[in-house]
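Peer 1: One line per chain: the protein sequences are A and B, in this order. Note that our numbering has the first sequence beginning at 174, numbered continuously upward. Note that our numbering has the second sequence beginning at 174, numbered continuously upward. Where a beta carbon is used, it is the ideal one built from N, C-alpha and C, also for glycine. Quick caveat, the model's predicted, so the values are computed rather than measured. Quick one: this structure, given as structure tokens, is what I'll be asking you about.
Protein chains: 2
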Amino acid sequence: MFKRAKQSRVFQDVVDQIQEAILTKKLAPGTRLPAERDLKEMFNTSRGTLREALRVLEQKGLIEIKLGVSGGAIVKQIDTDPLMESLALLIQSGEVSLEHLSEFRIKIEGSLVELATERATPKDIEELERMQARARHCYDIQDWESFLKTDEAMHTYIGTMTRNPVFQFVQKSIHDNIHRYYQDFLPMNRERTLENLQDFDKIIAAMKAKDGVAASATITDHVQRFHDKMTGKRP
Amino acid sequence: MFKRAKQSRVFQDVVDQIQEAILTKKLAPGTRLPAERDLKEMFNTSRGTLREALRVLEQKGLIEIKLGVSGGAIVKQIDTDPLMESLALLIQSGEVSLEHLSEFRIKIEGSLVELATERATPKDIEELERMQARARHCYDIQDWESFLKTDEAMHTYIGTMTRNPVFQFVQKSIHDNIHRYYQDFLPMNRERTLENLQDFDKIIAAMKAKDGVAASATITDHVQRFHDKMTGKRP
DNA sequence: CGAATCAAATGGTTTAACCATTAAGGCCCA
DNA sequence: TGGGCCTTAATGGTTAAACCATTTGATTCG
């Protein structure tokens, strides 16, 4: 019925006030907050307490703190970085395994590609083709590391094509985390790389034809193959 | 090519050391860290700086701080709460709208229910039926608020049935955030509530029959209807 | 004009003290 | 004996004042 009455922590009140001002756009991104020695007066608190509040806001990704004269706390444009950091913590702690992530990816990436196909602009297709050309070049000179980077960039770009920040975050966090631990268990080789290239050829062709179902099917198969290799299954 | 050399901030070093110890399980959940006045000696720093570090770790969800004698910093079991908080910030700031979230939900919740159906135990089904009975009771006495709570609990429970923490987080965060802003635009009424009940009857029946496809189809339709109402479309 | 130097603003750190909360033990009195 | 009250000590929360380190811009000098 009742929640524990919150123990009053001064710094928490400061955090709440500044956060409220940022979320309601009373403080726009780019705005510079007053200096610590001024803020401390405004909130009628001490500098130590005020700094604890700023530390929390910084950790939440709401402000950024710069050094030197004309430095100080600057209101940031909110982004998904704190979300990504939290997810990385969950993975590093073992609460979430790469198998969990990969299973999720199998279920979601098809829908994501389908949505991206619906909303793809000619510019998007051009951009993907540029990236695919770069990937092919990496394959030719057998630069696997750059190939992986390009591959990740293509997946992430398809996420942005959905024009939905939720899909964008999901796609970015999946690939960011999968690739971060990639080489631990999945060495790159010529054969797998070629498969990747061919899959993306198919996907781009399907996107051009506005065939979301085909694009979806191709990527789902692509992802399933990755998952099977990772979990040690062999066809 | 190069990243800016990190400006040395003492508190950051303290954060990194403690975080490392927690993630590598050198400090197990439940462990109590030494008192601030002792930690400050160990890290050879001041109490203010040390407290900034503790504040960051608390914000990350890695420790919890209790007051009084035998209080102090206690290592927490990592969970998805910080992730949820970050997402809530994105939504409150308007970076992510409820339409975005709802569109995502349409694509994912079918797969999620399918997976839950595959992995459902008899106990899971029993639990769902208990919840459904409670929802029906709320409907009978026209207690819409409790009905919504039960509805959310059922969706969240289906998330746990996947046995995959990624799906669990996704499901929890979607419904947590959708319901938080629910009444702003979607007033509950007798008709919609009855639809909800009937949908869940179908889903539970499909789960009993291990018919993942039917369960998936039902929930997707359910979610799509919700989305259409929210975005103002009428069939 | 350009480079070196200096000065001021600002965040980062340290120290020392005091306040507030909590748990535990002891004391008093019925 | 038992229950309630008080004291005490440990611990986080807060304050204050000073100094250090970094950055920027103005000033000075060759």
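Quick check on Gly241 (chain A): does DSSP put it in helix, strand or coil?
Peer 2: Residue state, collapsed to three classes: coil.
Peer 1: I want to know whether the stretch 256-271 of chain B touches the stretch 269-277 of chain A - three or more CB-CB distances under 8 Å.
Peer 2: No, the stretch 256-271 of chain B is not in contact with the stretch 269-277 of chain A.
Peer 1: For the putative contact between Phe399 (chain B) and Phe340 (chain A), defined by C-beta atoms under 8 Å, what is the C-beta separation to the nearest angstrom?
Peer 2: Actually they do not touch by this definition, with Cβ atoms about 19 Å apart.
Peer 1: Is it a yes or a no for the stretch 215-231 of chain B touching the stretch 217-227 of chain A, going by three-plus beta-carbon pairs under 8 Å?
Peer 2: The stretch 215-231 of chain B is in contact with the stretch 217-227 of chain A.
Peer 1: For a contact defined as C-beta to C-beta under 7 Å, what are the partners of Glu268 (chain A) on chain B?
Peer 2: Correct list: Ile251, Pro338.
Peer 1: For Met327 (chain A), which residues of its own chain have a beta-carbon under 6 Å away from its beta-carbon, when the five flanking residues on both sides are left out?
Peer 2: Excluding positions up to five away in sequence, the list reads Met304.
Peer 1: With DSSP as the reference, label Asn269 (chain B) as helix, strand or coil.
Peer 2: Contrary to the premise, residue 269 (chain B) reads as Val rather than Asn in this sequence. It is coil, neither helix nor strand.
Peer 1: Run through DSSP, which three-state label would Ile247 (chain A) get?
Peer 2: In this structure, Ile247 (chain A) counts as strand in the three-state DSSP scheme.
Peer 1: Under 9 Å, do Leu301 (chain A) and Ile331 (chain A) count as touching if we go by C-beta distance?
Peer 2: Cβ distance < 9 Å, so Leu301 (chain A) and Ile331 (chain A) count as in contact.
Peer 1: Between the alpha carbons of Glu209 (chain B) and Ile347 (chain B), how many angstroms are there, rounded?
Peer 2: Distance between the alpha carbons of Glu209 (chain B) and Ile347 (chain B) is about 38 Å.
Peer 1: Please work out which residues of its chain come closer than 7 Å, Cβ to Cβ, to Val188 (chain A), disregarding the five sequence neighbours upstream and downstream, and give them in chain order.
Peer 2: Around Val188 (chain A): Ala226, Val229, Leu230.
Peer 1: How do the stretch 188-207 of chain B and the stretch 380-398 of chain A stand: do at least 3 beta-carbon pairs fall below 8 Å, yes or no?
Peer 2: No, the stretch 188-207 of chain B is not in contact with the stretch 380-398 of chain A.
Peer 1: Can you list, in chain order, the residues of its chain with a C-beta nearer than 8 Å to that of Ile247 (chain B)? Leave out the 5 residues immediately preceding and following it.
Peer 2: Gly203, Thr204, Arg205, Leu206, Ile236, Glu237, Ile238, Lys239.
Peer 1: Alpha carbons only, please: which of B:Phe320, B:Phe342, B:Gln265 is nearest the one belonging to Arg365 (chain B)?
Peer 2: Comparing Cα positions, the closest option is B:Phe320.
Peer 1: Quick one: which chain B residues come within Cβ less than 7 Å of Gly221 (chain A)?
Peer 2: Per Cβ cutoff of 7 Å: Gly221.
Peer 1: By the DSSP assignment, the alpha helix (DSSP H) with Tyr330 (chain A) in it spans what residues?
Peer 2: Residues 317-334.
Peer 1: Closest Cβ-Cβ distance between Met174 (chain B) and chain A: below 9 Å?
Peer 2: Since pLDDT at Met174 (chain B) reaches only 48, below the 50 mark, its modelled position is unreliable, and the value read off the structure follows with that caveat. No, Met174 (chain B) lies away from the interface with chain A (no Cβ there is under 9 Å from its Cβ).
Peer 1: How would you list, in chain order, the residues of chain B whose beta-carbon sits under 7 Å from the beta-carbon of His273 (chain A)?
Peer 2: Those are Asn337, Pro338, Val339, listed as they occur along chain B.
Peer 1: Just to confirm, are Lys322 (chain A) and Gln232 (chain B) a CB contact at a threshold of 9 Å?
Peer 2: For Lys322 (chain A) and Gln232 (chain B), no; Cβs fall outside 9 Å.
Peer 1: Anything in the stretch 224-241 of chain B with a Cβ closer than 7 Å to a Cβ of chain A? List those residues in chain order, please.
Peer 2: Residues passing the 7 Å Cβ filter: Arg224, Glu225, Arg228, Val229, Gln232, Lys233, Leu240.
Peer 1: Nearest by alpha-carbon distance to Ser284 (chain A): which of B:Ile281, B:Leu285, B:Lys199 is it?
Peer 2: It is B:Ile281 whose Cα lies nearest to the Cα of Ser284 (chain A).
Peer 1: Since Leu263 (chain A) contacts Ile251 (chain B) with CB under 8 Å, what's their CB separation in whole angstroms?
Peer 2: Yes, Leu263 (chain A) and Ile251 (chain B) are in contact; Cβ-Cβ is about 6 Å, under 8 Å.
Peer 1: Output, in chain order, the set of chain B residues within a Cβ distance shorter than 7 Å of Glu300 (chain A).
Peer 2: Neighbours of Glu300 (chain A) on chain B: none; closest Cβ ~22 Å, over 7 Å.
Peer 1: Using only alpha-carbon positions, find the residue among B:Arg336, B:Arg363, B:Thr329, B:Asp186 that is nearest to Ile351 (chain B).
Peer 2: Comparing Cα positions, the closest option is B:Thr329.
Peer 1: Give the residues from the stretch 315-336 of chain A that approach chain B closer than 8 Å (Cβ to any Cβ), ordered along the chain.
Peer 2: Within the stretch 315-336 of chain A, no residue has a Cβ that lies closer than 8 Å to any Cβ of chain B.
Peer 1: Return yes when the Cβ of Thr294 (chain A) is within less than 9 Å of the Cβ of Asp384 (chain A), no when it is not.
Peer 2: The answer is no: Cβ separation not under 9 Å.
Peer 1: Note down, in chain order, every chain A residue with its Cβ under 7 Å from the Cβ of Glu276 (chain B).
Peer 2: Here the neighbours are Asn337.
Peer 1: Could you name the residues of the stretch 362-391 of chain B whose beta carbon sits closer than 7 Å to any beta carbon of chain A, in the order they occur along the chain?
Peer 2: Answer set for the stretch 362-391 of chain B: empty.
Peer 1: Could you tell me whether the Cβ of Val396 (chain B) comes closer than 9 Å to any Cβ of chain A?
Peer 2: Closer than 9 Å: no.
Peer 1: Any idea what DSSP makes of Arg182 (chain B), helix, strand or coil?
Peer 2: Arg182 (chain B): coil per DSSP, three-state reduction.
Peer 1: Would Ala349 (chain A) and Met257 (chain A) be called neighbours here (beta carbons separated by less than 9 Å)?
Peer 2: For the record, residue 349 (chain A) in the displayed sequence is Asp; it is not Ala. For Asp349 (chain A) and Met257 (chain A), yes; Cβs fall inside 9 Å.
Peer 1: The alpha helix (DSSP H) with Phe340 (chain A) in it runs from where to where?
Peer 2: From DSSP, the alpha helix (DSSP H) with Phe340 (chain A) extends over 338-353.
Peer 1: When the cut-off is 9 Å and only beta carbons count, does Val183 (chain A) lie next to chain B?
Peer 2: By this cut-off, Val183 (chain A) is not an interface position.
Peer 1: Under the assumption that Thr375 (chain B) contacts Ile298 (chain B) (Cβ atoms under 8 Å), give the Cβ distance between them as a whole number of angstroms.
Peer 2: Going by the sequence as given, residue 375 (chain B) is Lys instead of Thr. That belief does not hold up - the Cβ atoms of Lys375 (chain B) and Ile298 (chain B) are roughly 14 Å apart, past 8 Å.
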